[in-house]
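Right, one structure below, let's go through it.
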Amino acid sequence: MEVSAPLRLDLDGDALVANWRTMAAMSGSAACGAAVKADGYGLGAAAVVPRLAAAGCRDFFCATWAEAIALAPHGVPVAVLHGVRAADMDVALALPAARPVLNTPAQVRRWREAGGGACDVMVDTGMNRLGLAAEDVAAGLLDGLTIDVLMSHLACADEDVPANARQLGALLALRDRVPARRLSLANSAGVALGPDYHFDLTRPGIALYGGVVRPELAGVRQVAYPSAEVLQRRTVRAGESVGYNATWTATCDTEVVLINFGYADGYGCGFSNRGTARFGDTALPVLGRVSMDLTALDASDVPSLGEGDWVTIDFDLIAAAAASGRSPYELLTGLGDRFERRWR
Ligand SMILES: *Cc1c(COP(=O)(O)O)cnc(C)c1O
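If you want it as structure tokens, here you go:
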């Protein structure tokens, strides 16, 4: 049996591709890849990957081997950022288009002993997240491996801080020591730091999906547009309150609509009394606390809005992040699976 969903995620495929072309142009002579981990940042990797592959993207990045398996039907080269655990080895050796990004000496040993083919390597240059110590790499840990991409990851590329140049310098210092075919450093924000950071391959993620994480990325367009159906319209009398813990109280009689959209769908409690939706051009402010599956909106300015109508949630990532206190990354990857996802 099937039933239509009372909430939708409209996805702008043209904007996705345009954003990749923007990042590719900003990457200059470097190839431009795409981070598609966490199911394409919540939008659906199965729809994202073929669109970007058709546009010319040849380097995709996911986090786990379960994600690599899901991408295998697309036949595109995939680098698995978390490397290979012992439990991943069978899959890692069997998937022809996927290669691990080795992060630890144990992973390097495991890959070498299994006679795995080409791999990528992550070296830590100061973030202290995943990656090999630069000293281990300089001491010859990787000797004899066939390395496609030697990469590192910037911790603060969305800020103008000295750490960026320090990380750049640390990668440059290893350049001649490691016989990698290609070097890679920049995520989305890193691309905006300029040509010194581009090397052979860039790895944008959030900018492809609409995240303007630095002012230089202002040309990036919104991709994901959530909307939800109105389930009820009611009048809240002056002095009455709305929602859990009564955090909003009407100062005058107020027209309120309840939409089928809540924190279980990714509309976090940070939007309580702060978010907005839209019907046509009219803004509908969120009233009271966001519930698990419901949100109340002030519909006083739209007498015609009622049960069965659809409203669009304001989801420009920078504005929504500022309103809710969550990052653009959390906003996208938090979008739940109750939406009907519609690509156009
Ligand atoms: C997620 C990730 C990216 C993409 O980062 P954005 O900030 O989304 O552009 C690139 N490289 C690595 C190693 C990542 O983990």
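Residues in the sequence shown are numbered from 881 upward in steps of one, following the numbering used here. Note that the Cβ used here is the ideal one computed from N, Cα and C, for glycine as well. In this text, all values refer to a predicted model and were calculated from it rather than measured experimentally.
Once DSSP output is grouped into helix, strand and coil, what is the label at residue 1109? To locate residue 1109, count along the sequence shown from 1; it is residue 229. DSSP places residue 1109 within a strand segment (E or B) once states are collapsed to three.
Among 931, 997, 985, the one whose alpha carbon lies nearest that of residue 959: Position 79 of the sequence shown, counted from the start, is the residue given in the question as residue 959. Here the closest residue by C-alpha is 997.
In whole angstroms, give me the CA-to-CA distance for residue 1138 and residue 1177. The residue labelled residue 1138 in the question sits at position 258 within the sequence shown. The residue labelled residue 1177 in the question sits at position 297 within the sequence shown. Pairing residue 1138 with residue 1177, the inter-Cα distance amounts to about 6 Å.
Does ligand 1 have even one heavy atom less than 8 Å from the beta-carbon of residue 1083? Within the sequence shown, the letter at position 203 stands for residue 1083. Indeed, a heavy atom of ligand 1 lies less than 8 Å from the Cβ.
Under the three-state DSSP convention, the category residue 1151 falls into: Counting from 1 along the sequence shown, the entry for residue 1151 is found at position 271. In this structure, residue 1151 counts as helix in the three-state DSSP scheme.
Contact the segment 933-947 vs the segment 1107-1123: 3+ CB pairs below 8 Å: Contact fails: fewer than three Cβ-Cβ distances are below 8 Å.
Buried versus exposed, by CB contacts within 10 Å (16 or more), residue 1039: Counting from 1 along the sequence shown, the entry for residue 1039 is found at position 159. Result: exposed.
Start and end of the beta strand (DSSP E) containing residue 1207? Residue numbering aside, residue 1207 sits at position 327 when the sequence shown is read from its first letter. Unbroken run through residue 1207: none, as it is neither H nor E.
Using a Cβ-based criterion (distance less than 8 Å to any ligand heavy atom), does residue 1027 qualify as near ligand 1? Here the question's residue 1027 lines up with position 147 in the sequence shown. Checking every heavy atom of ligand 1 against the Cβ of residue 1027, none is found closer than 8 Å.
Cβ-Cβ distance between residue 1223 and residue 1168 below 9 Å: Within the sequence shown, the letter at position 343 stands for residue 1223. Within the sequence shown, the letter at position 288 stands for residue 1168. Going by C-beta atoms, residue 1223 is not nearer than 9 Å to residue 1168.
Have a look at residue 969 and residue 931 and give me their C-alpha separation to the nearest angstrom. As a first step, residue 969 must be located in the sequence shown, where it is residue number 89. As a first step, residue 931 must be located in the sequence shown, where it is residue number 51. So the alpha carbons of these two residues sit roughly 29 Å apart.
Looking at C-alpha atoms only, which residue of 1048, 1090, 1017, 1187 is the closest neighbour of residue 1135? Residue 1135 sits at position 255 when you count from the first residue of the sequence shown. Per the Cα distances, 1187.
Under DSSP, the alpha helix (DSSP H) around residue 896 begins and ends at which residues? Here residue 896 is taken as the residue at index 16 of the sequence shown, counted from 1. First-last of the alpha helix (DSSP H) with residue 896: 893-906.
Report the rounded CA-to-CA distance for residue 985 versus residue 1021, giving the unit in angstroms. Here the question's residue 985 lines up with position 105 in the sequence shown. Here the question's residue 1021 lines up with position 141 in the sequence shown. Each residue's Cα considered, the two are about 7 Å apart.
Quick check: the Cα distance between residue 1146 and residue 1018, rounded to an integer number of angstroms? Along the sequence shown, read from residue 1 onward, the residue named residue 1146 stands at position 266. Along the sequence shown, read from residue 1 onward, the residue named residue 1018 stands at position 138. Answer to the nearest angstrom: the Cα atoms are 44 Å apart.
What do you get for residue 1132, buried or exposed, if any count of 16 or more other CB atoms within 10 angstroms of its CB means buried? Within the sequence shown, the letter at position 252 stands for residue 1132. Looking at its Cβ environment, which holds fewer than 16 other Cβ atoms inside 10 Å, residue 1132 is exposed.
Report the residue from 1079, 991, 1037 whose alpha carbon sits nearest the alpha carbon of residue 1052. Within the sequence shown, the letter at position 172 stands for residue 1052. Answer by Cα proximity: 1079.
So is the beta-carbon of residue 1086 under 8 Å away from any non-hydrogen atom of ligand 1? Residue mapping note: residue 1086 aligns to position 206 of the sequence shown, counting from 1. Yes; taking the cut-off as 8 Å, the Cβ of residue 1086 has a heavy atom of ligand 1 nearer than that.
Taking the CB atoms as reference points, tell me whether residue 926 and residue 920 lie closer together than 9 Å. Here the question's residue 926 lines up with position 46 in the sequence shown. Here the question's residue 920 lines up with position 40 in the sequence shown. In contact: residue 926 and residue 920 (Cβ atoms closer than 9 Å).
Closest residue to residue 888 among 1214, 1181, 1140, 1165 (Cα-Cα distance): Here residue 888 is taken as the residue at index 8 of the sequence shown, counted from 1. Measuring from the Cα of residue 888, the nearest candidate turns out to be 1140.
Selected residue, minimal CA-CA separation from residue 1153, among 1164, 885, 933: Residue numbering aside, residue 1153 sits at position 273 when the sequence shown is read from its first letter. The residue with the shortest Cα to Cα distance from residue 1153 is 1164.
Are residue 1087 and residue 899 closer than 9 Å when you measure CB to CB? Residue 1087 sits at position 207 when you count from the first residue of the sequence shown. Residue 899 sits at position 19 when you count from the first residue of the sequence shown. Yes, Cβ-Cβ distance for residue 1087 and residue 899 is below 9 Å.
Pick from 905, 1200, 907, 1143 that is closest to residue 1090, judged by C-alpha positions: By one-based count along the sequence shown, residue 1090 stands at place 210. When 905, 1200, 907, 1143 are compared, the shortest CA-CA separation from residue 1090 is found for 1200.
Assess, as a yes-or-no matter, whether the segment 1106-1120 is touched by the segment 1189-1207 under the definition of 3 or more beta carbon pairs within less than 8 Å. Yes, since at least three Cβ pairs between the segment 1189-1207 and the segment 1106-1120 fall closer than 8 Å, the two stretches touch.
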